[in-house]
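Have a look at the structure below, then the notes.
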Amino acid sequence: MEEAWGWLSFWKFVFIVASLLFYGTVTVVALKGAGDLVQMIRDMIGHRGLNHGESNG
Amino acid sequence: MQLHWFDLLIVLVYVGGTILAGTVARSAIRGISDFLVAGRTLKTHLAVATMVSTGLGLVTVMYFAEEGFKNGFAPFLVGIIAMATQIVIGKTGFIVSRLRHLQVMTVPEFYEIKYSRGVRLLGGSLLALAGTLNMGLFPILGSRFVVGFTGLPQEYVNYVMVAMLIVVVVYTLMGGMVSVVITDFAQFVLLTAGFLFGTIFILTEIGWETIVTTVSAHKGAIAFDTIANPDYGWIWIGYFVFVSMIGVVWQPEMSRPLSTENSFVARRIFLIQSLTAVGRAVVPMFWGAAAFAFTHLPSYTGSYADDGRYAMPEMLGQILPIGLAGLLLAGMFAAFMSTHDSYLLAWSGVIVRDVISPIKAMLSSSAQQRGADGTWGGLSSEREIYWTRAIVIILAAFLAIFGAFYTPPETSFKFMYVTGTIYFAGCVGTIGLGLYWRKANTVGAYCALLLGALGPINFLVMAEMPETVPQSLQFLVENSNIAALCSLVLGGLGMIVGSLLTQRSHPARPLDFSDMK
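Listed below in structure tokens is the structure:
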């Protein structure tokens with residue numbers, strides 16, 4: 001069982017770091033992505049379709 | 001029913017809002033590339049949001065929670081492996097950059113470019129089979145969440161499932177990938193808030209120590225030790241690392257990189273979203289472990305003490321206050337919608353573009369050449385949209401029937417990976433080697449697809465009738481890890497042996513990536 005407590009300490013660390021990474025990344029991406037979404041909806045309402053900005057790979 | 005009217009109002013406002021957004025999106029659809037890959041206009045952060053949302057559906061939360069309920073903290077390794085492989089893909093552009101550069105809309109489209117129309121038809125059929133089976137449990141898992149969370153009687157689970165499917169189908173039919181992007185973004189924000197508040201209330205109402213001691217007392221060391229846990233161990237780790245690398249070819253996941261502006265953006269979204277990978281797995285697994293502890297509290301009076309499928313939503317429904325319960329339910333419904341619309345669109349797109357359209361092209365003997373509208377000589381762009389919408393409805397009907405009657409042999413999580421491997425295994429050869437090994441040819445592709453599909457299909461069939469399986473083969477039925485790992489190896493070997501033996505009769509088609517960004 002002692003070995004299991006080693007694993008538990010590791011999982012506790014993983015849980016904390018994973019939560020910080022998750023909420024931090026989501027906050028940044030949501031703030032930056034909101035602008036892209038608004039632009040896409042504006043284009044749609046303006047009936048400009050979607051292919052106006054297409055570029056090749 | 002334990003849900004307050006205010007919570008229900010929040011959910012209804014969300015559903016109404018998304019349907020309105022779908023109506024707006026409808027006006028933007030001009031052709032099949034708008035419908036399936038949003039005209040390839042997604043920018044980095046919006047693409048990340050929608051990709052994270054697709055990988056974090058209600059079904060993901062449910063099957064990860066079931067793993068946590070059954071195996072405690074041991075499955076946390078899933079998240080670490082997922083993050084490590086996504087960082088590798090983001091850094092190297094493994095598969096993603098090259099497929100985006102080739103401007104394919106569905107993954108089997110690559111088969112027609114590299115191999116032949118016949119390989120595309122076989123690959124598309126296997127992908128459609130794997131994808132449809134894989135999705136088979138999605139609606140029922142979503143419905144179980146709603147039933148457990150709201151406290152509705154279990155008999156309602158099939159009715160709730162059908163109602164939720166109807167909303168999703170109507171929404172998906174309206175706007176295609178544009179609708180998907182809008183719901184994905186809403187889910188991205190709502191579900192993250194739900195994750196945060198859900199975890200805070202679990203920690204304050206139940207507590208970390210109670211969860212650890214309860215799980216430890218009832219399950220022992222295997223609840224923490226991933227290697228010693230019989231559901232995991234080294235074979236599973238080997239399989240999961242392998243499948244996480246090749247799993248990038250899963251159409252619903254790949255449709256985001258394929259919808260981006262260019263190969264560079266496609267690679268970058270993998271790198272950014274990798275930062276969320278551990279949290280996406282670990283948080284719902286922790287909820288599952290917490291639900292196990294919750295159902296073993298002396299004060300517990302519910303009916304799901306031994307049922308990992310319902311215990312987590314039941315716990316959340318009971319500990320969250322009014323308002324937050326509605327917010328979480330709206331977030332979960334958003335997650336249900338965003339995964340279902342993505343998957344329905346992805347699989348119906350594959351069935352139409354990689355099965356129906358190639359058959360029509362073969363019958364009319366049209367040239368194997370991509371037209372300006374993105375079609376390949378089978379159905380026209382308008383007919384592809386029409387058939388994609390029709391297949392969405394047919395798939396939804398199948399899902400309702402499958403979910404109501406099928407019970408998987410292991411946990412839902414294992415079922416997802418076994419069914420996915422029907423397709424992944426062949427992709428080791430057809431895509432992994434096809435993109436990077438110049439000798440990969442058509443015969444090798446057929447061998448890879450067929451040999452790769454054999455292992456997981458065999459497991460699913462044998463698991464339905466274990467009494468007919470000889471004693472010497474029982475190990476293949478008792479644990480899916482071995483069958484799944486073997487099939488990945490067979491998929492790669494099939495391509496290598498098949499190609500090397502037929503280089504003269506079937507010379508490989510070269511691909512040019514010299515001007516790739």
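Note that the protein sequences, when read in sequence, are chains P and B.
Using my numbering, count along the first sequence one by one with no gaps and you end on 57.
Using my numbering, count along the second sequence one by one with no gaps and you end on 517.
For every residue, glycine included, the Cβ atom is placed at its ideal position computed from N, Cα and C.
**Prompt:** Using a Cβ-Cβ distance under 8 Å, would A221(B) count as near chain P?
**Reply:** Closer than 8 Å: yes.
**Prompt:** For the segment 426–438 of chain B against the segment 144–152 of chain B, are there 3 or more C-beta pairs whose distance is under 8 Å?
**Reply:** no
**Prompt:** Who are the neighbours of F13(P) on chain A, taking C-beta pairs under 7 Å?
**Reply:** In the structure shown, chain A cannot be found, because the protein chains are P and B.
**Asked** Listing by chain order, which chain P residues have their CB less than 7 Å from the CB of I518(B)?
**Response** Limits of chain B in this structure are 1 at one end and 517 at the other, which puts residue 518(B) out of reach.
**Prompt:** Can you name the start and end residues of the alpha helix (DSSP H) that M337(B) belongs to?
**Reply:** L324 to I351
**Item:** Boundaries (first-last residue) of the alpha helix (DSSP H) holding F224(B)
**Value:** F224(B) -> no alpha helix (DSSP H), and no H or E assigned at all.
**Request:** Alpha carbon to alpha carbon, how far is E467(B) from A186(B)? Give it in angstroms, no decimals.
**Result:** 48 Å
**Prompt:** Buried or exposed: which applies to I351(B), given that a residue is buried once 16 or more other Cβ atoms fall within 10 Å of its Cβ?
**Reply:** buried
**Request:** Measuring only between beta-carbons, confirm whether V29(P) sits less than 8 Å from chain B.
**Result:** yes
**Request:** Check the Cβ-Cβ distances between V38(P) and every residue of chain B, and say whether any is below 8 Å.
**Result:** Not a single CB atom of chain B sits nearer than 8 Å to the CB of V38(P).
**Prompt:** Taking the alpha-carbon positions, what's the T192(B) to P313(B) distance?
**Reply:** 16 Å
**Asked** Going by other Cβ atoms of all chains shown within 10 Å of its Cβ, with 16 needed for buried, is V283(B) buried or exposed?
**Response** buried
**Asked** Is the beta carbon of G131(B) less than 8 Å from the beta carbon of W347(B)?
**Response** yes
**Item:** 8 Å Cβ shell around E54(P) - same chain, five flanking residues per side excluded
**Value:** In this prediction, E54(P) scores a pLDDT of 40, lower than 50, which makes its location untrustworthy; no coordinate-derived value is stated.
**Prompt:** Which value, in whole angstroms, describes the spacing of the CA atoms of T25(P) and L501(B)?
**Reply:** 49 Å
**Request:** Assign G57(P) to one of three DSSP states: helix, strand, or coil.
**Result:** Any reading at G57(P) must be qualified, since the residue scores a pLDDT of 31, below 50, and its modelled position is unreliable; no value is offered.
**Request:** Return the chain-ordered list of same chain residues with a C-beta closer than 6 Å to the C-beta of L50(P), the five sequence neighbours on each side being excluded.
**Result:** Residue placement at L50(P) is flagged as unreliable, the pLDDT there being 47, under the threshold of 50; the coordinate-derived value follows with that caveat. Correct list: empty, nothing qualifies.
**Message:** Measuring straight from C-alpha to C-alpha, what distance separates F6(B) and K70(B)?
**Reply:** Between the alpha carbons of F6(B) and K70(B) lies a distance of about 34 Å.
**Neighbour list for T276(B) in chain P, Cβ cutoff strictly below 8 Å** = L21, F22, T25 and V26
**Where L454(B) falls, given that 16 or more other Cβ within 10 Å makes a residue buried** = buried
**Item:** chain P residues whose Cβ lies nearer than 7 Å to that of K43(B)
**Value:** D36
**Request:** Measuring alpha carbon to alpha carbon, tell me which of G491(B), G57(B) and G90(B) ends up nearest L275(B).
**Result:** G90(B)
**Request:** Mind listing, in chain order, the continuous beta strand (DSSP E) runs of no fewer than 3 residues lying wholly within the segment 437–509 of chain B?
**Result:** none
**Prompt:** Among A397(B), L297(B), E382(B) and K439(B), which has the Cα closest to the Cα of I140(B)?
**Reply:** A397(B)
**Prompt:** Smallest Cα separation from Y171(B): which of T23(B), K414(B) and T442(B)?
**Reply:** Out of T23(B), K414(B) and T442(B), T23(B) has the C-alpha closest to the C-alpha of Y171(B).
**Message:** Taking its Cβ as the centre, do 16 or more other Cβ atoms sit within 10 Å of I10(B), making it buried, or is it exposed?
**Reply:** By the 10 Å Cβ count, I10(B) comes out buried.
**Request:** For R280(B), return the contacting residues in chain P, with the cut-off set at a CB-CB distance below 8 Å.
**Result:** F22
**Message:** If the criterion is Cβ atoms closer than 8 Å, does the pair I482(B) and I81(B) meet it?
**Reply:** Taking 8 Å as the Cβ cut-off, I482(B) and I81(B) do not qualify as a contacting pair.
**Message:** As a quick exercise: from P408(B), S97(B), T419(B) and A221(B), pick the residue whose alpha carbon is nearest that of A4(P).
**Reply:** Residue A221(B) is the option with its Cα nearest to A4(P).
**Item:** Nearest neighbour of S19(P), chosen from V278(B), G444(B) and F513(B) [CA to CA]
**Value:** Nearest to S19(P) by C-alpha distance, out of V278(B), G444(B) and F513(B), is V278(B).
**Message:** Once the 5 residues before and after A74(B) are set aside, which same chain residues still bring their CB inside 8 Å of it?
**Reply:** I222, A223, F224, D225, T226, N229, D231 and Y232
**Reduced DSSP category for A305(B) - H, G, I as helix; E, B as strand; rest coil** = In this structure, A305(B) counts as coil in the three-state DSSP scheme.
**Asked** On the premise that P456(B) lies in contact with S487(B), defined as a C-beta separation below 8 Å, what is that separation, rounded to the nearest angstrom?
**Response** Sure, about 6 Å apart at Cβ, within 8 Å.
**Asked** Cβ of L121(B) within 8 Å of Cβ of I322(B)?
**Response** no
**Request:** Classify P108(B) as helix, strand or coil using the three-state DSSP reduction.
**Result:** coil
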